[in-house]
Each structure stands twice: as C-alpha cells, then as structure tokens.
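Notes follow the structure.
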Amino acid sequence: MIPNSRLYLVFPTYRLTFPTPASRLSSLPFNGPRNEETDQHSMVQMPSSSLDHLSEKELAAKLDPELLPKHVAVIMDGNGRWAELRGLPRIAGHREGINSVREMIKLSLELGIQALTIYAFSQENWNRPTQEISALMALLEHYLSTERASLIEQCVRFRTIGRLELLPPSAQHWVRTTEKETAHLDRMVLTVALSYGGRAEIVDAVRGLLNDVRAGTIQPECVDEAMIQQYLYTYPLPDPDLLIRTSGETRVSNFLLWQLAYTELCFTPTLWPDFRRREFLLALHEYQKRERRFGRILSTVSL
Ligand code: FPP
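The opening position of the sequence shown corresponds to residue 372 in my numbering, with each subsequent residue numbered one higher.
Following this line, the structure appears as structure tokens:
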C-alpha cells in the first residue's frame, strides 16, 4: 500500500513512509552522526524498483549518455530535519549537506552534466533566526575558502545568482574571489543561488530592460522571450532539464520561476544530507523515463 499517492505519482520508484508527524520525528532514537544503524530508522526507505538490486556502478552504466540532462537544478531541502532526527543542532544538517553537494559535483563531472544550479539560501531564508543565518554564512565562507582549489582542479566555474549585496561583506568577498578565480573554467558551471528569489529575479530583469528602453538601446516592440532571458541572473545558462527537490516537499518555492517552464520535476522524500550518488543516479533514471514534449504531440496515432 502506498501511503502518499501524490508523491508516488511524482516519483514512482520510491516506497514511502511519509507523512510522519514532526512530533514523531523528533522523538525517534537518533543521537549522533550518520551511520547504518540510525539510517534504518530514517523516515524514508530506499527506493524499491527494478533498479533496487543494482550497484551504483551498474546504475551509472545503465544510463543512456544521449539522454542525460545538460543542466540540473536542486532544491536542497531537509537539512534541519536530518539534524533534528539525530538530536543534533540544525547547522550539523547543513554541514552534512555540503558532502552531498560535493558528491553531486563529482558525479556530474563524471557523467558530463554541464551545469548544476543549487538553492543554498533563499530570500525568504533571511527570516530565519539570526544564529542560523550567521552559521550558514560562516559555512558558505568556509566552503569557498577551503573548496576553491578543488573547484579549480576539477575545472568547475563557480557562479552565483541572487541579491548578493545583502550578504555580509566577508561572504561577498569569498563569492567574488571564487567567481573571479574560476571565471575561465568550462568543464562545468556550478551556480549557487544566494539571497535568491525567482520573483525578485524577474523584477530585476524588468528593471534592466526598462533602463535599456529608456536609454534607447532597445525598442519596446523588439522585446520577446529570448530577450527577457538575457536579463535573467542565469543568462547565458540554458534552462534546467531536471529539477530535484529533496525532503518530500512538492513545491518550487520561488526557485527559477521563469526557467522551470519545461523542466522535468523530481521530488524525493530523501533528506538532502542523505541524497548521495545513488539517489542522484536514481533521479537521473527517473528523468530518462520521461517523455519531453515541450507542448508538442509526439505520438503518431491519427486524430
Ligand atoms: C534547506 O534545509 C537548506 C538550506 C536552507 C540551506 C542549504 C545549504 C547547504 C546545503 C549548505 C551550503 C551550501 C554551500 C554550497 C555552501 P532546511 O534547513 O530548510 O531543512 P528543514 O526543512 O528540514 O528545516
């Protein structure tokens, strides 16, 4: 029996134990970092499908290289719950989440995925307690200062999208330094959304466009979708082919609102710190099952 048919429909390869009330989650017997024993008590179970018995190596080998997404976007959700389940402070979940980011970058490079865009801090996240915001900013600075060399070694270009001017000056410094030092790299683009909101991005695009109309460099009648795209923070990246959101939430939460128009959406109950190589491979298999029609009819059946 599938306890949550909505999620099952969206990500049918998963056997779910959702929803688990928050009060029950916090009373589960977690007390310490990730290990096999505590993972058994996790509120989600591993995928149950024809791919279940395959090793990570086999899962990777079974992917069709022609049908891989070029651009994957990720809403990394569930860090707080992951920590809470283990009786740890929320920041421990964010810290563990960085290891998932590292694994995603590594696998993307191995598979030849050209762009990864991750939602690290939304505009709405400014409403969190000051202590958590400071801890997240410190984590971002630590990540950039220690990981910069590895990004360069892997030929990963680092970019950010969002209202960066709202970040503390030291975080802005590390962001700008990393962007500058990786600007020439082209094996993969890692875009980190920071102080980002999809609607704010559209507002900023409209403002930029209006400025150019006022300056006379653009005629209003020339404005079309392709032109608006050029004013978005993400330009010149192509739109994401696949969006993954972890932790069982099935929303886009103000992420890449314009760019997600034809993106395939994959929702998984796995919490972000548990979303590792195997989960990413399964999401890619799920993506390869989708028929991307972009509003067209692909069937040859006559009307
Ligand atoms: C959502 O989980 C996650 C975030 C708000 C932050 C994500 C940040 C990281 C993984 C680390 C920073 C990344 C880089 C690249 C430096 P949540 O806190 O909303 O979890 P919850 O829904 O369980 O409370």
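Where is the CB? At the ideal position from N, CA and C, for every residue including glycine.
These numbers were taken from a predicted model, which means no experiment stands behind them.
Checking the sheet assignment: what are the DSSP bridge partners for Val-546? Val-546 pairs with nothing; no bridge assigned.
May I ask whether a heavy atom of the ligand FPP can be found less than 7 Å away from the beta carbon of Ser-479? no
Is any heavy atom of the ligand FPP found at a distance shorter than 7 Å from the C-beta of Ala-574? Note that residue 574 is Val in the sequence shown here, rather than Ala. Val-574 Cβ: outside cutoff for every heavy atom of the ligand FPP.
Thr-488 - containing beta strand (DSSP E), residue span: 486-493
Neighbour flag for Thr-562 against chain C, beta carbons, 8 Å: Protein chains in the displayed structure number just one, and chain C is not present.
Sufficient close CB pairs (3 or more, under 8 Å) joining the stretch 624-634 to the stretch 454-463: no
With DSSP collapsed to three states, give me the class of Thr-562. strand
Tyr-567 beta carbon near the ligand FPP (any heavy atom closer than 7 Å): no
For Gly-568 versus Ser-618, is the C-beta distance shorter than 8 Å? no
Can you tell me whether DSSP reads Thr-531 as helix, strand or coil? strand
Does the Cβ of Ile-469 lie closer than 7 Å to at least one heavy atom of the ligand FPP? yes
Minimum length 3: unbroken beta strand (DSSP E) runs contained in the stretch 592-627: 613-616
With H, G and I counted as helix, E and B as strand and the rest as coil, what does DSSP make of Glu-662? coil
Can you tell me whether Ser-421 is buried or exposed? The criterion is at least 16 other CB atoms within 10 Å of its CB, across all chains shown. exposed
Name the two residues that bound the continuous alpha helix (DSSP H) containing Glu-368. This structure cannot speak to residue 368, because the chain is shown only from 372 to 674.
With distances taken between CB atoms, is the gap from Arg-664 to Leu-430 smaller than 8 Å? no
Assuming the contact rule is C-beta atoms closer than 8 Å, Leu-537 and Ser-566 should be a hit. Round their C-beta distance to whole Å, please. 5 Å
Please determine whether the Cβ atom of Met-447 lies at a distance below 7 Å from any heavy atom of the ligand FPP. yes
Put Leu-636 into one of helix, strand or coil per three-state DSSP. strand
Proximity test, Ile-504 beta-carbon vs the ligand FPP heavy atom, cut-off 7 Å: no
Nearest candidate by alpha-carbon position, reference Asp-448, set Glu-635, Gln-659, Leu-631 and Ile-615: Ile-615
Check whether Val-472 and Pro-611 have beta carbons under 8 Å apart: no
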